[in-house]
Every structure is written in structure tokens, then in C-alpha cells.
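Residue numbers (this note's numbering), protein chains in the order written: chain R, 1 to 250; chain Z, 251 to 500.
A quick write-up on the structure given underneath.
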DNA sequence: CGAAGTTATCTATTTATCTAGACAACTTCA
DNA sequence: TGAAGTTGTCTAGATAAATAGATAACTTCG
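Take a look at the structure:
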């Protein structure tokens, strides 16, 4: 097993306890520590990572707060038996418009704002805009009281001039597109990345600053290829898995 | 927002400069800051994140060290790096082939180890193993001198008894499968998540401890659906984004 | 019961990180 | 040329994180 040392750990921008927390979280995620298992004791962790016992305790405390482990005075700390529920969200790869990217049926999305803005150059290009004037819509999605994702949608203001009012009325992008006469649309590309959440994303998703977000960047278009919507969605990585369907070519 | 930021940022386990560094890195990776672009000045960053200018400088210094930006006294700091490269994921995804589709011959994969182990229960179930005895193979993948991904492969030891020797001989999973008589296989399912790298992953990928990995968990099978390989791949998120293949709508 | 091992809590101290202000060196542009 | 704006460097102080040691409360097991 590889342990980081003081040299590489200090000055890394990550506190010692955070690194230990995430290391243990990774072991749980990889099933090397399983439900019910006894975590290394505080003294063992302190020795393994060359830190004080208090630092090891702080690392464990973060896992306790996340519900991954439970501490019992006198006996030890154990991996929680029922792992936190993960939301499996389907990434749309064909025109499953009814469910699609909105995933589980219980998900509710809300429009935070919609403004007319100058689109960034690359987004304007992907949308095929000569003028760069676009409608920008910010949305959030939550299920079961948990904030799951925030989305930034870009529409061509000339192609869909009424999308803003339709959005405010329907509260849903899909319904708003239908109100604008778009019955069918197709996802033409999706790119997935991961990074730390920005401060505003962390606030919207009820995450700590620095939490990890999965970022999907997608382009929706008419079946003939005309681009309709550029969509950037940020998911809280600790609650979400993205499920990719692989439609067989035949 | 700014005062709230300070309060919630502390005690997060991430230093202020690290959060700023990672936010800027994300903007570069997602091509919102492009090669040649002027970074916000130190004073602008300090104001935007409500930190001292020295803290903003430290954030930039980390990007300089990673070779993403270059500072020029008097004029500013500029982006020097390209956005994260794309790794394609689709029906015919092979770890060996899909990276470096720019035709660069620099992409290479390496078999680190192969052992016979008792597979974890969930993996055994997905592979359809009654006996739980499986071959576990660890691989790494790099391109352009960058370590891109590490993979953990699981095979049925009874269905593919010779895969280990074939792997050691060929060095490639695809070639080894072909040597075992598997001419064609397809991706059945892919699930994507993200978390911090463990210390061992960070070492294999030449990342700092605490860096972010994209984790894909995939099942490959014969065209008739028989499971062949369970594959967990960890990509260095700062270098890679996943490009989800969409079937052409024809 | 008693000993050993565990988590919980407290105080004090050291070390690392962040803030504050000043000035120098350099570039850009009017 | 000069003014404004930028990065580079220095000193000092304030705040947060980690260390060190001690003791209590609880569990397990011989």
C-alpha cells in the first residue's frame, strides 16, 4: 500500500485530514473496505499516515458526517452497513425525450434565471450562431430533497425567441421546447469531465467548497442536425453515477 | 456571497489557493480559457475570491508549475496549454485504441500485474461467475508522455484460462482476447463517477495526492450478451474528458 | 473482575497558511 | 516621456491547522 509522506503532502493545498478522508473514501468505493468492516483504529491511521491522532480523528469525523462510517466508543469505527444511496442518472444517447437526461421520474427541475447574453465564442460556434446573441437559462434539479445537479442552457435567441417565456411558464426545458414547436430533438454529443465545484456551484448543490462535480457538456439538435441547445450540467459526484447506454448499431 | 464564501471555505480541508487553482484549471480544461488568453490579473482574482493578492499568486504559481500558464512580469499571465484531451467511449470502446485518435503512435498501454483472486461479490455477479474465482489484471495507459489512466480488469478464470499468459505476451487486453479466440466484443454498460485519487492511483498517474479521477465501471461482452470482462478505469480528470459516442441518427 | 484496547475530550504549543502593506521591475499605451 | 497597470519580492502580523500529552468513558475478552 502506498502512503503519501509529509514531503509530498505539505504544501499540496490539501489538509492532511482531507487527504486521509478521501483515501479512506476511495477504499470504501473500491470495496477494499466493505460494509461492516472495522476501520483502522485512530492510532493505526495516525501511524500509517505519519500524523497526530487528532488529525486522524478529524479525517474520520468527515466520513462520519457523510454517513459512510460510524464510530462506537470503546470498540472502533465501522463502515456503515447501508451505503448512501447513489442516484444513477442515464445519459441520453438517443432520443428518449420523455425521460432522457432528466433521469429518475421523481426528479424535479427548477428554472433559476433566464437572461439574454452574448454567448462565449465556442458555444456560439457550436450553436451555429453568427451573432452570438443567446438565451442563457440556469436550472437546478433535485430529487428527494437532495440537490443533484445544476444546468446552464444556451439557446439561439433568433431560432427560439419565445423559449424564455415558455420556460417561465412550464418550468421545464423539454416542455418549453415543445411549446416552441420542437417535438423531437436528439442529443448529438456529450462530453464528461470532473473537477472541483466552484463556490457558487457548491452553494447551489449544498456541497462543501472543493467538493467534486461531474460536468457534462452536451449538444441537442433537431433530427436533421440543426443545433438547438448547448447544455452544461454539473452533478454532485458524491451522490451521482452517470449511466451510459450503448445502443447497438443494429 | 463573499463573506459566506470565507466562512464556508475554512474547515473544508482545501486551502484557498488550491480551490482557486482548480477552478482556473477547470476553465482551461473546458476551453473557457484558451491557449493565449490573458488570465485575470492577480488583483482581479484576489477580489473575485475575496483573498489576499499573495493567495491568488500562489494559486497561479501552481498552474505555472503544472505548465498550464506562463507569467510575464509587467504584462500578465497567459494560458499556454490545450484543453483536456478526449477519450471516446462507445459500443466498440477499447482502452487500448480509443485514446490518441489523433493518430499519434505515442499511445501505449502496459500490463502491471495479473493475479488469480476471489472477485468481489458484485463483480462476480456481473460476470456471471458461480465460483467467484477470477483473473485480475492491472494496466496503465499513457499517451504523449502523460499517464492517462489505470485500469483493473476482471475475467472469468474458467472461460478465459489462458488470458494471463496471452496478456503477458501481447501486453494488450484486446490482443490477448483475440489470442483466446474472442474476435469481437462490445461494451454492454458504462457507469461514470468521480472522486479523489487514492495515494497509489496518484502515484501511478503522476498526480498530486488529492487530484481528481474519473472512474468508469464497464462491462464488456460477446455480441450475444455473454459477459467477458469487468473493467474499472480511473482517468486523470485534469488531462482527460470522456467523449460519449452517439449513434448517428440515420 | 481486571487488563488491554478503543473512542472522546481537554489544554497547550508549534507549524503552516493567509492577510496586510510597501516597493521594485517591467510592459503597455497615450 | 510619463502614467497606469502588471508581476516579483520583501517584511510583519494574524489566523488556521497540526502536534503533543494527558485523562476520561466505554467495550471486549481472558
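The beta-carbon is built from N, C-alpha and C at its ideal position, and this holds for glycine as well.
Note that the structure is predicted; figures quoted are calculated from it, not measured.
| Item | Value |
| --- | --- |
| Outcome for residue 24/R when other beta-carbon atoms lying within 10 angstroms are tallied against a minimum of 16 | buried |
| Within 8 Å, strictly: CB atoms of residue 496/Z and residue 188/R | yes |
| Length-filtered (3 minimum) beta strand (DSSP E) runs lying within the region 430 to 455 of chain Z | 436 to 446 |
| Complete runs of the beta strand (DSSP E) confined to the region 464 to 498 of chain Z [at least 3 residues] | 477 to 486 and 490 to 494 |
| Inter-stretch contact (C-beta, 8 Å, three-pair minimum) for the region 168 to 188 of chain R and the region 206 to 215 of chain R | no |
| Chain R within 8 Å of residue 385/Z, Cβ atoms only | no |
| CA nearest to the CA of residue 384/Z, picked from 271/Z, 304/Z, 279/Z and 478/Z | 478/Z |
| Residue 91/R, DSSP secondary structure in three states | strand |
| Closest by C-alpha distance to residue 412/Z, when choosing among 454/Z, 443/Z, 380/Z and 365/Z | 365/Z |
| Burial state of residue 117/R (16 or more Cβ within 10 Å) | exposed |
| DSSP-derived helix/strand/coil call for residue 132/R | coil |
| Contained alpha helix (DSSP H) runs [length at least 4] in the region 266 to 321 of chain Z, N- to C-terminal order | 266 to 279, 292 to 298 and 303 to 315 |
| Classification of residue 379/Z by the beta-carbon crowding that lies within 10 angstroms, buried from 16 upward | buried |
| Minimum Cβ-Cβ distance from residue 493/Z to chain R less than 8 Å | yes |
| Chain Z contact for residue 122/R (CB, 8 Å cutoff) | yes |
| Burial state of residue 65/R (16 or more Cβ within 10 Å) | exposed |
| Chain R contacts from the region 262 to 274 of chain Z (Cβ-Cβ distance under 8 Å) | 262, 263, 264, 265, 267, 268, 269, 271, 272 and 273 |
| Presumed contact (8 Å Cβ cut-off) between residue 334/Z and residue 490/Z, rounded CB distance | 6 Å |
| Alpha carbon of residue 55/R to alpha carbon of residue 195/R, nearest angstrom | 26 Å |
| Endpoints, the alpha helix (DSSP H) within which residue 127/R is located | 121 to 127 |
| Endpoints, beta strand (DSSP E) assigned at residue 149/R | 146 to 156 |
| When 287/Z, 344/Z, 308/Z and 296/Z are compared against residue 468/Z, the one with the closest alpha-carbon | 344/Z |
| Cβ shell of residue 127/R (< 6 Å), same chain only, five flanking positions each side left out | 156, 227 and 230 |
| Unbroken alpha helix (DSSP H) run spanning residue 170/R, endpoints | 163 to 170 |
| Supposed contact pair residue 205/R and residue 137/R - C-beta distance, whole angstroms, cut 8 Å | Wrong, their Cβ atoms sit about 17 Å apart, outside the cutoff. |
| Residue range of the beta strand (DSSP E) that includes residue 117/R | 108 to 118 |
| Alpha-carbon spacing of residue 111/R relative to residue 139/R, whole angstroms | 4 Å |
| Beta-carbon gap between residue 289/Z and residue 328/Z smaller than 8 Å | yes |
| Under the three-state DSSP convention, the category residue 73/R falls into | coil |
| Beta-carbon spacing of residue 322/R, residue 89/R below 8 Å | With chain R running from 1 to 250 in the structure shown, residue 322/R is simply not present. |
| Cβ-Cβ distance between residue 233/R and residue 494/Z below 8 Å | no |
| Cβ of residue 64/R within 8 Å of any chain Z Cβ | no |
| Assumed close pair residue 193/R, residue 414/Z - CB separation to whole angstroms, cut-off 8 Å | With 8 Å as the limit, residue 193/R and residue 414/Z do not qualify as a contact, their Cβ atoms being about 34 Å apart. |
| Residue 130/R: contacting residues in chain Z (beta-carbon distance under 9 Å) | The contacting residues do not exist; residue 130/R stays about 20 Å from chain Z at best. |
| Member of 359/Z, 293/Z and 371/Z whose CA lies at the smallest distance from the CA of residue 395/Z | 359/Z |
| Nearest neighbour of residue 201/R, chosen from 236/R, 183/R and 175/R [CA to CA] | 236/R |
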